[in-house]
Amino acid sequence: MAHYRHVGEVPPKRHTQFRDPDGNLYYEELMGEEGFSSDSSLLYHRGVPSAIVACEVWELRDQTRTPNHPLKPRHLRLHDLETDTCPVTGRRLVLGNNDVRIGYVVTGTGPSPLYRNAIGDECVYVESGTGTVETVFGVLAFRAGDYVVIPRATTHRWVPAEPSRLYAIEANSHVGPPKRYLSKHGQLLEHAPYCERDLHGPTDVHLAEGTDTTDTTDVEVLVKHRTSAGVVGTRMTYATHPFDVVGWDGCLYPYTFNIDDYMPITGKIHQPPPVHQVFEGWNFVICNFLPRKVDYHPLAVPVPYYHSNVDSDEVMFYVGGDYEARKGSGIGIGSISLHPGGHAHGPQPSAIEASLGAEYFEESAVMVDTFAPLDLGEAGLAAEDPAYAWSWAGRVLS
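According to full-length UniProt numbering, the sequence shown holds residues 1 to 398 in order.
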């Protein structure tokens, strides 16, 4: 998204000499998408950003994926999962395919290792907790309800101020606002449910007091990347600290967006899920369903109609309120529902009559729709409620 920012010190012209007070050249690094053909930023380092002194294998947590076969809807209780407390290495794989992976972790208060995802952008939803994300672009504060969007190959680390629940959406592509919300030059349009004022990027390249990046050597960075064998990890050791940036400018950088700043679009009759879209990636979209006034036609049915998503799998993560359409299904806060393509889904039958006449829904959920089938990760299998698939029929089966 072409929204320009300038943080710290940069020279008047790009690709020209830029020196520190002692006369030493700063080292210019271009971070750019799609080769040199899309958004980018220029960063200025004290040290050489390519100077590695060691590379070793980083063994990732279990990345095994199990097909959803036989095909059925699933209910996964994420709050039942036990995880390691590291915001990066503690993530457990819940769902995934070749376009996107969804992980979950309950953090402690210790910082994560330095980390870089070289596969795609990350969009991490903060279910609860506060803290900061230190990045090569500077520091981002996060709080409950934030999406933290981190571009591919951005070196960063999570520093929770308190135990936090993180729902990590890891793309194999870039993540940004839906194209229909953007002008041809990249500005968010008047009909978009949020605007640039709601996006919060780094404001300072300086890290917290006590963090020294000037004399540090042999700094380890965990890098997630792909080979022909799939998703793998490498430990890269750098001769200088990656956060030794004195300034940068451009249109590519991490940012946060809080769901409280999203303005839901409503209508006279029930609106389809695309009106709730907040981001998109390659072969998937992200939506949020938030507290809102509902349909005002005198005969409106406020809960969703039954629908067959013939081209997509639908993942709903229930994060707040009381989700009207799912009453009686066993779903609650911290639940995920997976409704796969090939199965018609919708409200519990008793929820339809109960919703008539409602004027407001107090519910919050984050939805990921994928256009390729999702497999279950090891955490998805561990958190499953086996009775959910039969809940529309009113039967208790395993």
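Glycine is no exception: its CB is placed at the ideal position from the N, C-alpha and C atoms.
Scanning the UniProt domain "Homogentisate 1,2-dioxygenase C-terminal" (302 to 380) for uninterrupted alpha helix (DSSP H) segments of 4 residues or longer gives 349 to 355, listed from N- to C-terminal end. For the pair of segments examined, the stretch 72 to 86 was found not to touch the stretch 130 to 146: the number of CB pairs separated by less than 8 Å stays below three. Going by C-alpha positions, Val105 is about 6 Å away from Gly90.
Residue environment: Glu134 is assigned as buried (16 or more neighbouring CB atoms within 10 Å of its CB, all protein chains considered). Remark: fewer than three beta-carbon pairs, one from each stretch, lie closer than 8 Å, so the stretch 175 to 192 and the stretch 295 to 308 are not flagged as touching. Annotated three-state conformation of Lys293 is strand, per DSSP. For secondary structure counted as the alpha helix (DSSP H) over 4 or more consecutive residues, the UniProt domain "Homogentisate 1,2-dioxygenase N-terminal" (114 to 258) holds no complete run.
Shown here, His276 sits in a helix according to DSSP, grouped into three states. Two segments are said to touch when three or more pairs of C-beta atoms, one from each, lie closer than 8 Å; by this definition the stretch 230 to 243 touches the stretch 48 to 55. Ranked by Cα distance from Ser112, the options Asn98, Pro163, Leu71, Leu93 are led by Pro163.
Bounds of the beta strand (DSSP E) holding Met31 are 27 to 32. Beta-carbon to beta-carbon, Trp282 and Tyr44 are separated by about 31 Å, too far to satisfy the 8 Å threshold.
According to DSSP, Glu384 shares a beta bridge with Leu76.
Residue pairing of Trp58 in beta bridges, as defined by DSSP: Gly233. In this structure, the CA atom of Leu25 is about 27 Å from the CA atom of Tyr115.
Our two residues, Gly330 and Cys251, have alpha carbons roughly 44 Å apart in a direct line. Counting C-beta pairs closer than 8 Å gives three or more between the stretch 360 to 380 and the stretch 301 to 321, which meets the contact rule. A Cβ-Cβ distance of about 5 Å is found for the pair Ser312 and Phe371, placing them in contact under the 8 Å criterion. Annotation: Ile265 is outside any beta strand (DSSP E) and is labelled neither H nor E by DSSP. Between Leu93 and Phe279, the alpha-carbon positions lie close to 21 Å from each other. The DSSP-derived three-state label of Ser391 is helix. At least 8 Å separates the beta-carbon of Ser37 from that of Leu30.
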